[in-house]
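Take a look at the structure set out below.
Numbering (this note's numbering), first residue to last: 434 to 617.
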């Protein structure tokens, strides 16, 4: 049921957002050299790596300049990048990851492989029993203000308590965050 829901909603959202792809790609490309898209290896369901897609919000090769997380005022973020992050437009290409089955609309945000060190071994396995999501409990409730420990706990809580009803609530809370506070 969840996979069917993901496919239908992601396809509709992708269809509605396609007119934004070209202008966003052009703005990103004009703002800084490099591809308008960014692909990063993340850990998916069952610990399987996959390439997560995003609109590029940082300078090209930003991952070689800094770590896997960003802080407020990170100099690697471009002007257009600040806007697309604030409005969550950088996440739109992940709808393709949802359609391909690598991600779900709702689930814990996908970790980079180095984040395995942030988890106890059993928690890492539990965390990857589900597909990672475009949005999750931590993003819906705390936006980007959750500490790593809070995010980990909310990710594990989601895995333990997941249901279609919880997914619908998370989607609603995420939409409220994006519309009322300018992004997640």
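The beta-carbon is built from N, C-alpha and C at its ideal position, and this holds for glycine as well. Treat the numbers as computed from the prediction; the structure is a model and nothing was measured.
- By the Cβ rule, the segment 531 to 538 does not count as touching the segment 505 to 520, because fewer than three pairs are nearer than 8 Å.
- With a 10 Å radius around the Cβ and a threshold of 16 neighbouring Cβ atoms, residue 496 comes out exposed.
- Following the DSSP letters along the chain, one finds residue 437 inside the alpha helix (DSSP H) bounded by residues 435 to 464.
- Approximately 6 Å separates the beta-carbon atoms of residue 592 and residue 563; this is inside 8 Å, confirming the contact.
- Short of 8 Å from the beta carbon of residue 473, and not among the five residues preceding or following it, lie these beta carbons of its own chain, in chain order: 484, 485, 487, 496, 545.
- Contact annotation, residue 476 with residue 543: C-beta distance approximately 6 Å; criterion of less than 8 Å satisfied.
- With a contact defined as Cβ atoms closer than 8 Å, residue 434 and residue 570 miss out at about 19 Å.
- For residue 566, DSSP records a beta bridge to 537.
- Beta-bridge partners assigned by DSSP to residue 470: 488.
- When rounded, the separation of the alpha-carbon atoms in residue 557 and residue 481 is 12 Å.
- For residue 544, DSSP records a beta bridge to 476.
- If you ignore the 5 residues before and after residue 468, its C-beta comes within less than 6 Å of no other C-beta in its own chain.
- If you draw a straight line from the Cα of residue 577 to the Cα of residue 478, it comes to about 23 Å.
- Of 437, 451, 522, the smallest CA-CA separation from residue 608 is found for 522.
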